[in-house]
Amino acid sequence: MSNPYLRLAAPGVARLKPYLPGKPVSELEREYGVSNIVKLASNENPLGPGKRVLDAIRNCLDGGLSRYPDGGGFDLKHALGRRHGVDPGCITLGNGSNDVLVMIAEAFLQESLEAIHAQYAFAVYPIAIQAVGATGRVAPALAPGSEGAYGHDLTAMADLINDQTRLVFIANPNNPTGTWLRAEPLREFIEQVPQHTLVIVDQAYAEYMDDPEYPDCVDWLDRFPNLIVTHTFSKAFGLAGLRVGYSVSAPGIAEILERVRQPFNVNVIANVAALAALEDRQHLAHSVDLNASERLRLQDAFTDMGLGYVPSAGNFVLVEAGPDAALIYEALLRKSVIVRPVANYGLDQHLRISIGTQTENDRLLDALTQVLGASAESERG
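Taking our numbering, I'd label the letters of the sequence shown as residues 1055 to 1435.
Written as structure tokens, this is what we have:
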């Protein structure tokens, strides 16, 4: 049945397909009647926040929730300024980096303008572009079998830039592919982008990177005034449930984003937790180390199972599950393991699997072995 209110919606909104989040634990329990569920679908930190963050949250609960948060985020902006070596006026806070990405689209796009993103890019980019009525241009990804397969093709992206291009979205590392761009080609790309076009480098998974060729693009802001870099506390910092993110940009860009930022968009608990998370370097390092070791273990296990995968720089792996990807996903659900189908990204033969704890990953591998074994037995039968 069609929605009669679509005729009232803005054209871009009427054509939108909503963002599809990973299946929550409660829904799986309700639908399948299973328990003891392992969720490896949403690229969360399986360790969650550290003790320092939890203590800070508990301390703010007593009397802190009846007042509005600091709408300007003074303390958090100054802490982030120190972390990145920039003036606090360069920081824009968001209800997750998703919020900031939407702000950027609202502030700089309109119906007559265009924005560019890669073929297998974060689903929020096209949603933010289309919601404001702008035109999205999709650059084909690097072909399977090539170096950097499934990743951003910077040449193809550069070829799409024209006088109407206002934004270019680049995720580094990229979700859902786990691919990443080295400093030199990314810098060369930004150098050729005209000043009327803003380049957004989404570094949501930057904390997981330890390769010396990986660039922290905040260091390039003085050189490229049309650059915006976004970050989140939802991944390595373990605060996905609190929704805190931010961008770093030229102060003039930040001032424009403040014009569309919703009042009090980062709540009291999120502010306190983010400040504590920045100070807890030990927990961050532990989270990153666990992810690195378990990611390698999973990738080796996928190889042993005969499954291809895209080498990942994030806290997830894009696994080539073949034409039965949807069936494998369903079979894993029945074994209390949630992974992420990515057909909505145009990757209908892949599954994105987040990196869990060692115990969670053991559960995944055991379940996946059973599912693949049953599939092979069915084919022989």
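Built from N, CA and C at the ideal position, the CB exists for glycine as well.
query	result
With distance defined between alpha-carbon atoms, name the residue in E1267, P1266 and Y1259 nearest to G1289.	At residue 1289 the sequence reads Lys, which differs from the Gly that was named. It is Y1259 whose Cα lies nearest to the Cα of K1289.
Excluding the 5 residues preceding and the 5 following A1324 in the sequence, name in chain order all residues of the same chain whose CB lies nearer than 6 Å to its CB.	L1296 and V1298
Which two residues bound the contiguous alpha helix (DSSP H) that contains H1132?	F1128 to H1138
Would you call the stretch 1092 to 1105 in contact with the stretch 1403 to 1422, where contact means no fewer than 3 C-beta pairs closer than 8 Å?	yes
Give the secondary structure of Y1179 by DSSP, where H, G and I count as helix, E and B as strand, and everything else as coil.	helix
Quick one: residues in its chain with C-beta nearer than 6 Å to the C-beta of V1436, no 5 flanking neighbours on either side, listed in chain order?	This structure cannot speak to residue 1436, because the chain is shown only from 1055 to 1435.
Could you tell me which residues DSSP puts in a beta bridge with A1169?	G1190 and L1221
Taking 8 Å as the threshold, find out whether the stretch 1363 to 1383 comes into contact with the stretch 1259 to 1272 through three or more Cβ pairs.	yes
Taking its Cβ as the centre, do 16 or more other Cβ atoms sit within 10 Å of T1423, making it buried, or is it exposed?	exposed
Can you grab the Cα-Cα spacing for the pair L1167 / E1348, in whole Å?	43 Å
Using DSSP with H/G/I as helix, E/B as strand and the rest coil, what is T1413?	helix
Taking the CB atoms as reference points, tell me whether R1351 and L1372 lie closer together than 8 Å.	no
Can you look up Y1300 in the DSSP assignment and give me helix, strand or coil?	strand
Specify the secondary structure class of Y1268 as computed by DSSP and reduced to three states.	coil
To which residues of the same chain is L1387 closer than 7 Å at the C-beta, ignoring the five residues directly before and after it?	L1082 and Y1086
Straight-line CA distance for L1119 to I1181?	32 Å
Given I1145, which residues of its chain have a CB within under 7 Å of its CB, disregarding the five upstream and five downstream residues?	K1131, L1134, G1135, Y1300, V1302 and A1308
Determine the contact status of A1172 and L1221, defining contact as a CB-CB distance below 8 Å.	no
Is P1377 buried or exposed, if buried means 16 or more other CB atoms sit within 10 Å of its CB?	exposed
In whole angstroms, give me the CA-to-CA distance for A1161 and A1379.	39 Å
Considering only the beta carbon of each residue, do S1341 and N1099 sit closer than 8 Å?	yes
State whether the stretch 1273 to 1283 contacts the stretch 1109 to 1129, with contact taken as three or more CB pairs (one from each stretch) at a distance under 8 Å.	no
Shortest alpha-carbon distance to P1065 belongs to which of A1185, M1211 and I1282?	A1185
Taking just the CA atoms, how far does G1362 sit from D1264?	24 Å
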